[in-house]
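Asks: For reference, the structure I am asking about is given below.
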Amino acid sequence: MSDGESMHPGSAQHLTTLLSLVKHWFNYLIFVLTPSPPTALQFYLVLMKLRLGLTHEDLAFRFHCSCATISAIFHDWLNITAQRFTSLIHWPSREEIKRNLPALFRSPPFNSVRCIIDCSKIFIDRPASLSARAMIYSNYKFHNTIKFLVGISPTGSITFLWGGRASDKTITKSSGLIDPLEGGDIVMADRGFSFPEYFAAKGVQLLIPASTRGKTQLSGQEVSVSRHMSRMRIHVETAIGRIKNDCIL
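What follows is the structure in structure tokens.
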């Protein structure tokens with residue numbers, strides 16, 4: 001093809017497709033021909049990925065294998081660890097919470113708080129799939145993100161975790177948070193969780209800060225309760241900070 005000629009659009013598309021197929025076959029051959037690390041090292045590299053957020057390329061270099069091998073190992077072990085370690089997220093009984101209740105929660109109605117909930121987002125790598133990319137892109141953050149719902153006990157331990165990409169209300173309803181709750185429990189949240197009827201169906205009270213919507217001003221009691229709640233919510237903010245800063249997700 002001479003310098004003055006340009007490639008036909010159809011030919012360019014075929015060439016791109018061919019190169020993509022060659023790349024996939026090349027990666028597949030490397031995956032098949034490259035020996036996988038021993039089982040103990042596989043688990044170790046998965047922990048490194050989860051804790052340090054290392055890229056597949058970095059791990060492939062460290063463990064002397066291909067990126068495809070790292071990807072396959074990570075996804076296989078992720079399912080296994082999820083099944084094995086789910087039980088480590090302990091949902092404490094009422095009696096356990098009562099025995100270890102911090103002083104800030106000992107006055108009514110806060111002594112009936114079972115958990116404090118909130119949603120947050122974390123940045124993730126851009127997925128290869130265009131449909132997945134469109135689903136998780138945040139116009140507000142200008143980045144690919146996933147949202148997670150976290151529940152914290154009054155003692156500050158993480159007792160519930162659920163991921164999703166929807167509104168706080170949708171994630172909460174689909175998470176199954178309501179299942180371990182009992183009648184008479186109180187769930188504390190911020191104003192974004194303004195759907196008390198969902199919890200009330202099981203006899204659970206949703207406690208959120210008072211709002212001035214439809215009022216000229218808040219009563220003295222509402223101000224006092226809201227201030228007390230803001231001090232309590234430090235627990236959930238600290239837990240979310242640990243999840244983000246320590247690369248737990």
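Sequential numbering from 1 applies to the sequence shown in UniProt numbering. Each residue gets a CB set at the ideal place from its N, CA and C atoms; glycine is no exception. Keep in mind it's a predicted model, so treat the numbers as computed, not measured.
If you count every other CB in all the chains shown that lies within 10 Å of the CB of P154, and 16 or more means buried, which is it?
Replies: buried
Asks: Determine the direct distance from the alpha carbon of I158 to that of I243, and round the result to whole angstroms.
Replies: 10 Å
Asks: Inspect the CB distances between the segment 162 to 178 and the segment 110 to 123 and report whether three or more fall short of 8 Å.
Replies: yes
Asks: Kindly indicate the opening and closing residues of the alpha helix (DSSP H) around R114.
Replies: Careful: R114 lies outside any alpha helix (DSSP H), inside the beta strand (DSSP E) at V113 to F123.
Asks: Whose CA, out of I240, A200 and I208, lies closest to the CA of F160?
Replies: Residue nearest to F160 within the set I240, A200 and I208 is I240 (criterion: CA-CA distance).
Asks: Beta-carbon within less than 8 Å of L33's beta-carbon, same chain only, minus the 5 sequence neighbours each way: which residues are those?
Replies: Summary for L33: the model assigns pLDDT 49, below 50, so the residue's position carries little reliability, and this model does not support an answer.
Asks: Name, in chain order, the residues that DSSP records as bridge partners for W162.
Replies: L149
Asks: Who are the near neighbours of E237 in its chain, counting only those whose CB is closer than 8 Å to its CB and skipping five residues on each side?
Replies: Correct list, in chain order: D118.
Asks: Just to confirm my understanding: we take S194, look at its own chain, exclude 5 residues before and 5 after, and list those with CB closer than 7 Å. What are they?
Replies: If we look at S194 and ignore the five residues flanking it on each side, its Cβ neighbours are I208.
Asks: Tell me the rounded alpha-carbon separation between L101 and N111.
Replies: 8 Å
Asks: Just verifying my parser: in three-state terms, what is the DSSP assignment at V204?
Replies: Coil at V204, not helix or strand.
Asks: I'd like to check one pair, L149 with S175: are the Cβ atoms closer than 7 Å?
Replies: Contact flag set, yes.
Asks: Quick check: the Cα distance between P180 and N144, rounded to an integer number of angstroms?
Replies: CA-CA distance, P180 to N144, rounds to 32 Å.
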